[in-house]
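For reference, the structure is listed below as structure tokens.
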Amino acid sequence: MYPVPTSLSPSRVEAFTSCPMAFRFASIEKLPEPPSIHATKGSMVHRVLELLFMRPAVERTLVTAQPAFDQAMAEYRLDPEFTLLGLTDAQQQAFFDDAWTLVEAYFAMEDPTSIREIGLEIRLEAQVGSLALRGIIDRLELDEEGRLVVTDYKTGRAPGLQYEQSRLAGVHFYSFLCEQVLGQRPAAIRLMYLRTGETITATPSAQSVRFITTRTTAVWKAVEKACLTDNFQPRQGALCKSCAFQPWCPAFGGDPSLAAVEAPVRFRPTVAA
Ligand code: SF4
């Protein structure tokens, strides 16, 4: 039996629905994981865009993005999330070159001098019954008519059509939080896929917001049941090939009860950081 979590974020909801066993290792037992190039690069690009948007609107050009990029690069060179990747000099160069390509790709998608942002990296929290729902919004802005728009940057590829709705569920989650905390439902939620230059836009409705509370409550009940019965099932899929917990996953012949002892040893550099 494990303690039942009292809060959920969009990524935790997705993590549980993707694989309850991996969710147990990461979110219930809170075991360390090695950093990944993809996630670290994504967070660095988010940081560059955050620094860019701290400038007055007229100054947000590709030229001024360079010092923002340099600052983020200096920060990440000291960050364990980056240093523990153990990249060679050539690999580090390739990492930063690719990160800069994503920043350039952003400028090809929109003109940041025209954005009327009202907040960056905003943390929102709302209660649903005894459960706290939490999320961080990359950017909240006003459109030409003064309505709220939520924008979320993605550094991976755009999902195929069959996955688009599940990706949007995370963004509808943000629109639910806006409505609860700021008292206004956003007019649009946008996912900007920098890698492919695609933007997926959805219009939240009373129905989509209701769907989020229903779905999140259902997921939370499933999490609660799994914690109380110690029954987290592995769900094999595309995530398995990059799953750090595979050595302890029963679907791959592992013993999950050993993970709490062995994972911190195996990933000790991450823990020491
Ligand atoms: S290896 Fe696959 S099935 Fe096992 S915990 Fe990881 S994601 Fe889940």
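Its first residue numbered 16, the sequence shown is counted upward by one per residue in this note's numbering.
Just so it is clear, CB atoms sit at the ideal spot from N, CA and C, and this is done for glycine as well.
By the 16-neighbour rule on beta-carbons within 10 angstroms, V60 is buried. Judged by the Cβ position, F40 qualifies as a neighbour of ligand 1 at the 8 Å threshold, a heavy atom of the ligand being closer than this. Ligand 1 never approaches F282 closely enough for any of its heavy atoms to be under 8 Å from the residue's Cβ. If you check the CB distance, V186 and V165 come in under 9 Å. Where A266 is concerned, there is no enclosing alpha helix (DSSP H), because DSSP gives it neither an H nor an E.
Counting only runs of 3 or more residues that sit fully inside the stretch 66 to 150, the beta strand (DSSP E) segments are 131 to 143, in chain order. In this structure the stretch 150 to 162 does not lie against the stretch 92 to 111, because fewer than three pairs of beta carbons, one per stretch, are closer than 8 Å. G57 is the residue among M69, A123 and G57 whose C-alpha sits nearest the C-alpha of Y91. Counting the other Cβ atoms within 10 Å of the Cβ of F267 gives fewer than 16, which makes it exposed.
The distance from the Cβ of L254 to that of S33 is about 6 Å, consistent with a contact at the 8 Å cut-off. Annotation: T79 to R154 spans about 19 Å, alpha carbon to alpha carbon.
The set of residues with a C-beta under 6 Å from any non-hydrogen atom of ligand 1 comprises C34, M36, A37, P249, R250, Q251, L254, C255, C258, F260, Q261, C264, A266 and F267, given in chain order.
Closest by C-alpha distance to L67, out of E119, P20, R138 and T55, is E119.
For M36, the enclosing alpha helix (DSSP H) covers residues P35 to F38. Annotation: K169 is outside any alpha helix (DSSP H); the continuous beta strand (DSSP E) that includes it extends over L163 to K169.
Note on geometry: alpha-carbon atoms of R250 and V28 lie some 15 Å from one another.
The alpha-carbon separation between F110 and T116 amounts to approximately 10 Å. By the beta-carbon neighbour count (other beta carbons within 10 angstroms, threshold 16), K45 is exposed.
In this structure, P271 lies near F40, with their beta-carbon atoms less than 9 Å apart.
Within the same chain, Cβ atoms closer than 8 Å to the Cβ of C258 are found at C34, A37 and C264, the five residues on either side in sequence being excluded. Of all alpha-carbon atoms in K169, G198 and S190, the one lying nearest the alpha-carbon of S220 is that of S190.
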